[in-house]
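S.K.: Numbering (this note's numbering), first residue to last: 1 to 375.
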Amino acid sequence: MSQNVITAKVPLEQRRKMIEFDRVHKYYGDYHALRGITATIREGEFFSLLGPSGCGKTTLLRTIAGFEDISSGAVLIDGKHMEDVPPNKRPTNMVFQSYAIFPHLSVAQNVGFGLRRDPRPEAEKARAVEEALEMVGLKGYGARAAHALSGGQRQRVALARALILKPKVLLLDEPLSALDKKIREQMQIELIKLQREVGITFVLVTHDQEEALVMSDRIAVMFEGEIAQLADPETLYRRPASRRVADFIGVMNFLPAKVLGEGGGHLQLEVAGLGQVEVTDEQASARPQGGEAAVGFRPETLTILYEGQVPQDRDSPGVIDEVVYYGDMTYYDVKLDGVETPVRISMRNVFGRPVLDVGTRTRVAWSPGALVLFR
Ligand SMILES: Nc1ncnc2c1ncn2[C@@H]1O[C@H](COP(=O)(O)OP(=O)(O)OP(=O)(O)O)[C@@H](O)[C@H]1O
Ligand SMILES: [Mg+2]
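Structure representation (structure tokens):
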């Protein structure tokens, strides 16, 4: 393909701005669906819009394609204002959730659909179709009737049909949500590989946090028409900007905390069940939330100590309240002394080490560096 191949080695901030949202607002009548979206998506980036149903993901995606007018603000693609540019003149292509392929056409006819007014000779177009099919792992399927494909294969046909037009930007609205778990996970990996290969900027809409974490360079977490946090997956997971983001992405335990003092880049806390802890300013959520302070920590940052094991850092006593066995993992809910609500701990199972019973008195090892302060 003639696309620039962007390797993962070029840092995002050094790449060209591909999509810019500048204070984008969208009203449907009285309903304020997008509330001042400002963000930049870079060339060759795999960018995801993640959030609960109704938060405005599809609406925002459609403003890029031009299917949705905006009420105020601006959308730029590759540096150009899109205000007066109709959808068919934009360098974008969209793959919809309900992969709208034509069942009565062959796979090749489906993929070549967008080329029907292309003046190139038929043989050349057929080659482009073959190339696109190869890209999505469907080499040799051209003559097959589209209705004789599995769900995952149809999804690939829809992708090939979008890719053949060589858009600068590919917009994907929950393209995998109709597939079952195994195929979905396989398609996720294939999509990442494909995206790296062609270097096209991908914008993916999903409400599946795991999918967003697996696939994206960066993720915008949206609630009620606003971006709550925009960051790379690791930052989102390790340093969520608010309790709400933390709760939406994975599991997070919260314990009530009091700030006893701060200064010199550190905060002294009194945390229920953990006692006095010092954390760095970096561990405090960027925007103060007001209300009761709490510390959050992920289940895998805690370890249950078996007899004879010594903690590498801190540890606190508690009682096992619930055990859920998953084969490779066991989830324990532990009531730390003095705290009513149990904390969840995920432990990788090790051969020869027994799963502990409910009611077992235990010690839980933890590390201050794994805590996030929300206040
Ligand atoms: N054409 C419309 N007219 C009026 N309201 C609309 C219209 N389209 C969307 N909305 C409303 O705007 C809000 C955002 O809708 P949108 O489709 O962007 O949500 P979403 O984040 O994609 O949700 P989902 O995950 O369910 O697809 C919703 O409350 C929805 O009801
Ligand atoms: Mg949607």
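Just so it is clear, CB atoms sit at the ideal spot from N, CA and C, and this is done for glycine as well. Bear in mind that the values here come from a model prediction, so they are computed numbers and not experimental data.
Under 8 Å between the Cβ atoms of leucine 260 and alanine 284?
M.R.: Locating residue 260 in the sequence shown gives position 260, counting from the first residue. Locating residue 284 in the sequence shown gives position 284, counting from the first residue. Contact flag unset, no.
S.K.: Kindly identify the DSSP beta-bridge partner or partners of methionine 94.
M.R.: As a position in the sequence shown, residue 94 is number 94, starting the count at 1. Per DSSP, Leu171.
S.K.: State the beta-bridge partners of histidine 266 as determined by DSSP.
M.R.: Within the sequence shown, the letter at position 266 stands for residue 266. For histidine 266, which the question treats as bridged, DSSP gives the partners Gly263 and Thr280.
S.K.: Flag this pair as yes or no: are the beta carbons of tryptophan 366 and threonine 301 separated by less than 8 Å?
M.R.: Taking the sequence shown and counting its residues from 1, the one referred to as residue 366 is at position 366. Taking the sequence shown and counting its residues from 1, the one referred to as residue 301 is at position 301. Yes, these two residues count as a Cβ contact at 8 Å.
S.K.: Can the beta-carbon of histidine 25 be found closer than 8 Å to that of isoleucine 70?
M.R.: For the purposes of this step, residue 25 is taken as the residue at position 25 of the sequence shown. For the purposes of this step, residue 70 is taken as the residue at position 70 of the sequence shown. For histidine 25 and isoleucine 70, yes; Cβs fall inside 8 Å.
S.K.: Among all the DSSP beta bridges, which residues are the ones paired with glutamate 226?
M.R.: One-based indexing of the sequence shown puts residue 226 at position 226. Answer is Phe223, bridged to glutamate 226.
S.K.: If distances are taken between C-alpha atoms only, which option among Gly250, Gly73, Pro119 and Ala212 comes closest to aspartate 232?
M.R.: Mapped onto the sequence shown, residue 232 falls at position 232. The shortest Cα separation from aspartate 232 among Gly250, Gly73, Pro119 and Ala212 belongs to Ala212.
S.K.: Extract the residue ranges of the alpha helix (DSSP H) inside the region 25-61, only unbroken runs of 4 or more that lie entirely within it.
M.R.: If we require 4 residues or more, the region 25-61 turns out to have no alpha helix (DSSP H) run fully inside it.
S.K.: What are the complete alpha helix (DSSP H) segments, minimum 4 residues, inside the region 97-148?
M.R.: Counting whole runs of 4 or more residues, the region 97-148 contains the alpha helix (DSSP H) stretches 107-111 and 122-135.
S.K.: Cα-Cα, which of Glu130, Phe21 and Leu49 is closest to alanine 39?
M.R.: Translated into the one-based positions of the sequence shown, residue 39 becomes position 39. The residue with the shortest Cα to Cα distance from alanine 39 is Phe21.
S.K.: Do glycine 36 and ligand 1 come close, with the Cβ less than 7 Å from some heavy atom?
M.R.: Sequence index remark: in the sequence shown, residue 36 carries index 36 (1-based). Flag unset: Cβ of glycine 36 not near ligand 1.
S.K.: First and last residue of the beta strand (DSSP E) that includes isoleucine 183?
M.R.: Start at 1 with the first residue of the sequence shown, and residue 183 comes out as number 183. Per DSSP, isoleucine 183 belongs to no beta strand (DSSP E); it is in the alpha helix (DSSP H), 181-198.
S.K.: Let me confirm a value: glycine 44 is counted as buried when at least 16 other C-beta atoms fall within 10 Å, else exposed. Which label applies?
M.R.: Within the sequence shown, residue 44 is the residue found at index 44, counting from 1. Looking at its Cβ environment, which holds 16 or more other Cβ atoms inside 10 Å, glycine 44 is buried.
S.K.: What's the call for alanine 257, buried or exposed, on a 16-neighbour Cβ count within 10 Å?
M.R.: Reading the sequence shown from its first residue, position 257 is the one you call residue 257. It is buried - the Cβ of alanine 257 has at least 16 other Cβ atoms within 10 Å.
S.K.: Could you give the residue range of the beta strand (DSSP E) that holds proline 317?
M.R.: For the purposes of this step, residue 317 is identified with residue 317 of the sequence shown, where counting begins at 1. Here the beta strand (DSSP E) through proline 317 covers 314-325.
S.K.: Contact check, leucine 172 vs phenylalanine 202 under 8 Å by CB: the rounded distance?
M.R.: One-based indexing of the sequence shown puts residue 172 at position 172. One-based indexing of the sequence shown puts residue 202 at position 202. Yes, they are in contact, since the Cβ atoms of leucine 172 and phenylalanine 202 sit about 6 Å apart, within 8 Å.
S.K.: Can you list, in chain order, the residues of its chain with a C-beta nearer than 7 Å to that of methionine 1? Leave out the 5 residues immediately preceding and following it.
M.R.: Within the sequence shown, the letter at position 1 stands for residue 1. Since pLDDT at methionine 1 reaches only 39, below the 50 mark, its modelled position is unreliable, and no value is offered.
S.K.: Just to be sure I understand the criterion: a residue counts if its Cβ is closer than 7 Å to at least one heavy atom of ligand 2. Which residues meet that?
M.R.: Here the residues come out as Lys57, Thr58, Asp173, Glu174 and Val205.
S.K.: Do leucine 60 and isoleucine 37 have their C-beta atoms within less than 8 Å of each other?
M.R.: Numbered from 1 along the sequence shown, position 60 holds the residue referred to as residue 60. Numbered from 1 along the sequence shown, position 37 holds the residue referred to as residue 37. Closer than 8 Å, so yes.
S.K.: Taking 7 Å as the cut-off, does the CB of serine 48 come closer than this to any heavy atom belonging to ligand 1?
M.R.: Here residue 48 refers to the residue found at position 48 when the sequence shown is read from its first residue. Incorrect: serine 48 has no Cβ contact closer than 7 Å to ligand 1.
S.K.: In terms of residues, what are the limits of the alpha helix (DSSP H) holding valine 355?
M.R.: Within the sequence shown, residue 355 is the residue found at index 355, counting from 1. Where valine 355 is concerned, there is no enclosing alpha helix (DSSP H), given that its DSSP letter is neither H nor E.
S.K.: With distances taken Cα to Cα, identify the nearest neighbour of aspartate 313 among Leu305, Val319 and Ile320.
M.R.: Your numbering for residue 313 matches position 313 in the sequence shown. Nearest option by C-alpha distance: Leu305.
S.K.: Measuring only the C-alpha atoms, how far is glutamate 322 from alanine 148?
M.R.: Locating residue 322 in the sequence shown gives position 322, counting from the first residue. Locating residue 148 in the sequence shown gives position 148, counting from the first residue. When rounded, the distance between both Cα atoms is 48 Å.
S.K.: Check whether the Cβ atoms of glycine 250 and arginine 298 sit closer than 8 Å, and answer yes or no.
M.R.: Numbered from its first residue, the sequence shown carries residue 250 at position 250. Numbered from its first residue, the sequence shown carries residue 298 at position 298. Taking 8 Å as the Cβ cut-off, glycine 250 and arginine 298 qualify as a contacting pair.
S.K.: Helix, strand or coil for tyrosine 332? Go by DSSP, reduced to three states.
M.R.: Stepping through the sequence shown from its first residue, residue 332 is reached at position 332. In the structure shown, tyrosine 332 sits in a strand (DSSP, three-state: E or B).
S.K.: Is it right to say arginine 127 is buried, meaning 16 or more other beta carbons lie within 10 angstroms of its own, or is it exposed?
M.R.: Indexing the sequence shown from 1 puts residue 127 at position 127. Looking at its Cβ environment, which holds fewer than 16 other Cβ atoms inside 10 Å, arginine 127 is exposed.
S.K.: Under the three-state reduction of DSSP, which class applies to glycine 275: helix, strand or coil?
M.R.: For the purposes of this step, residue 275 is taken as the residue at position 275 of the sequence shown. In this structure, glycine 275 counts as strand in the three-state DSSP scheme.
S.K.: Compute the minimum distance between the beta carbon of tyrosine 27 and the heavy atoms of ligand 1, and state whether it is under 7 Å.
M.R.: Looking up residue 27 in the sequence shown gives position 27. Flag unset: Cβ of tyrosine 27 not near ligand 1.
S.K.: Tell me which residues share the same chain as valine 221 and place their Cβ nearer than 8 Å to its Cβ, disregarding the 5 neighbours each side in the sequence.
M.R.: In the sequence shown, the residue the question calls residue 221 occupies position 221. Closer than 8 Å at Cβ, skipping near neighbours: Leu50, Gly51, Ile227, Ala228, Gln229, Leu230, Leu236, Val245, Phe248 and Ile249.
S.K.: Which residue marks the beginning of the alpha helix (DSSP H) containing valine 214, and which one marks its end?
M.R.: Counting from 1 along the sequence shown, the entry for residue 214 is found at position 214. Per DSSP, valine 214 belongs to the alpha helix (DSSP H) from 209-215.
S.K.: In angstroms, rounded to a whole number, what distance separates the CA positions of glutamine 400 and tyrosine 326?
M.R.: Because the chain here runs from 1 to 375, residue 400 falls outside it and cannot be looked at.
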